[in-house]
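J.: Pasting in a structure now, in structure tokens, and then I'll have a few things to ask.
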Amino acid sequence: MTEIPYSGEKTAKAGDVELTYDTFGNPSSPPMLLIMGLGAQMIRWDDAFCQAIAAQGRWVIRFDNRDVGLSTKFDEAGVPDSMALLQGQKVEVPYSLKDMADDAVGLLDSLGIKAADIVGVSMGGMIAQTMAIHYPNRVRTLTSIMSSTGNPDLPQSTPEAMEVLIAPPVSNRNDYVTSQLKAAKVLHGPTYPLNEEYVRNYAERSYDRCYNPTGFARQLGAILGSGSRNEALRNVKIPTLVIHGDTDPLVPVAGGKDTAKSIPNAKLVIIEGMGHSFPTEMVPKILQELLQHTAP
Numbered sequence: 039m040t041e042i043p044y045s046g047e048k049t050a051k052a053g054d055v056e057l058t059y060d061t062f063g064n065p066s067s068p069p070m071l072l073i074m075g076l077g078a079q080m081i082r083w084d085d086a087f088c089q090a091i092a093a094q095g096r097w098v099i100r101f102d103n104r105d106v107g108l109s110t111k112f113d114e115a116g117v118p119d120s121m122a123l124l125q126g127q128k129v130e131v132p133y134s135l136k137d138m139a140d141d142a143v144g145l146l147d148s149l150g151i152k153a154a155d156i157v158g159v160s161m162g163g164m165i166a167q168t169m170a171i172h173y174p175n176r177v178r179t180l181t182s183i184m185s186s187t188g189n190p191d192l193p194q195s196t197p198e199a200m201e202v203l204i205a206p207p208v209s210n211r212n213d214y215v216t217s218q219l220k221a222a223k224v225l226h227g228p229t230y231p232l233n234e235e236y237v238r239n240y241a242e243r244s245y246d247r248c249y250n251p252t253g254f255a256r257q258l259g260a261i262l263g264s265g266s267r268n269e270a271l272r273n274v275k276i277p278t279l280v281i282h283g284d285t286d287p288l289v290p291v292a293g294g295k296d297t298a299k300s301i302p303n304a305k306l307v308i309i310e311g312m313g314h315s316f317p318t319e320m321v322p323k324i325l326q327e328l329l330q331h332t333a334p
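Quick note on my numbering: the sequence shown kicks off at 39 and runs consecutively.
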């Protein structure tokens, strides 16, 4: 098998924000931008997943969103009142999903990319949707995975998943790994076995790279403070794929259905037994759908 070119970690300016990113594959291939979810670093996009896409002739770019990993932190902005936001109260937030979409477009600018296949998971899906709304000429195709529209009438997370969301920060590496394992057991769902070694390895790498719990809180503020995208999504003309697990406890499957219903001609793929993570057994199916949808 041919070795996939890898860039190593680099930084790019996106407006006033510095984003850390890396790439897999040949820069002359069609670009695909992967956007990660709440509090998760770019390394959550598994290397093997990125390599598998690059092996099919794509230039894969993953990056740390603002306030996570090695990208710019907004510590001076303080932490919004997440509990008030979760209760639907109006609270000032440091930045919005639109600001995070601006970051992603700024990264495309830095890399000289006119338009890319945009793939987002969870909060990343919300950012990808926001890009499609505000920057349609930069989005060749949209893929929204285990995400939602911000519609306040949709079913909420399960109590167990909500506990994961509002768990207090931890003070050391061991506690972080333990908390990530606990969270993964809740979010992964009961259908497929959880690869605990993989979760532990990711948690250790994440903690060592950068643990920034206040960034998590500000990103949550961006999600909760950005409102519903339903109406705006009705005007999206971009080919759209929506993937969702039917046992997702954090973003119930109704979120995926609402996304697909809101975007004209979107394709909805519901994966039986999938929670709020990619089960190893389902990765080939997800890759197949993604590669088919983004075929040049």
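Note that CB positions come from ideal geometry on N, CA and C, so glycine has one too.
Would you give the residue range spanned by the beta strand (DSSP E) that P69 belongs to?
T.: From DSSP, the beta strand (DSSP E) with P69 extends over P69 to I73.
J.: From this set, V274, G150, G95 and G294, which residue's C-alpha is nearest Q330's C-alpha?
T.: For the residues V274, G150, G95 and G294, the minimum Cα distance to Q330 belongs to G95.
J.: I need the boundaries of the alpha helix (DSSP H) containing F112, first residue and last residue.
T.: Neither: F112 is in no alpha helix (DSSP H) and is coded neither H nor E.
J.: Whose CA, out of M320, T318, A170 and H226, lies closest to the CA of K275?
T.: The residue with the shortest Cα to Cα distance from K275 is A170.
J.: Count the other CB atoms within 10 Å of the CB of T318; is the residue buried (16 or more) or exposed (fewer)?
T.: Classification of T318: exposed, given that the 10 Å Cβ count is below 16.
J.: In terms of DSSP beta bridges, what is R100 paired with?
T.: Paired residue(s): D60 and L72.
J.: Residues in its own chain within less than 8 Å of D296 by CB, not counting five upstream and five downstream?
T.: So the qualifying residues of the chain are S186, T187, N189, L192 and N268.
J.: Looking at L76 and L24, is the spacing between their C-beta atoms short of 8 Å?
T.: Nothing in the structure corresponds to residue 24, since the chain is present only between 39 and 334.
J.: So, with DSSP's three-state summary, where would you put I81?
T.: Reduced to three states, the DSSP call for I81 is helix.
J.: Considering D213, what are the terminal residues of the beta strand (DSSP E) in which it resides?
T.: Segment R211 to H226 is the alpha helix (DSSP H) holding D213; no beta strand (DSSP E) there.
J.: Would R82 be called buried (16 or more neighbouring beta carbons within 10 Å of its own) or exposed?
T.: Counting Cβ neighbours within 10 Å, R82 comes out buried, since at least 16 surround it.
J.: Can you name, in chain order, every residue of its own chain whose Cβ lies under 7 Å from the Cβ of V224, other than the five neighbours on each side?
T.: Result list for V224: E198, A199, V202 and P287, in chain order.
J.: Would Q194 be called buried (16 or more neighbouring beta carbons within 10 Å of its own) or exposed?
T.: So Q194 ends up on the exposed side.
J.: Within 10 angstroms of the Cβ of A361, are there 16 or more other Cβ atoms? Answer buried if so, exposed if not.
T.: As displayed, the chain neither begins before 39 nor continues past 334, which places residue 361 out of reach and without an answer.
J.: Could you check the C-alpha separation between G107 and I308 for me, to the nearest Å?
T.: Approximately 30 Å between the Cα atoms of the pair.
J.: Would you mind working out which of V129, L124 and S109 sits nearest G116, comparing C-alpha positions?
T.: Selected option, being the one with the closest Cα: V129.
J.: Let me check one thing: in DSSP terms, what residues is Y44 bridge-paired to?
T.: BP columns for Y44 point to F62.
J.: Answer yes if the segment 135 to 155 comes into contact with the segment 249 to 263, meaning at least three C-beta pairs across the two stretches below 8 Å, and no otherwise.
T.: With a cut-off of 8 Å, the segment 135 to 155 and the segment 249 to 263 count as touching, because enough Cβ pairs lie within range.
J.: Based on DSSP bridge pairs, tell me the residues matched to L306.
T.: In the DSSP output, where bridge partners are listed per residue, L306 has V280.
J.: Go ahead and label P118 buried or exposed: buried means 16 or more other beta carbons lie within 10 angstroms of its beta carbon, across all protein chains shown.
T.: Label assigned to P118: buried.
J.: According to DSSP, which residues form a beta bridge with K51?
T.: Answer is E56, bridged to K51.
J.: The alpha helix (DSSP H) that contains D147, what's its start and end?
T.: Taken as a continuous stretch (DSSP letters only), the alpha helix (DSSP H) holding D147 covers L135 to S148.
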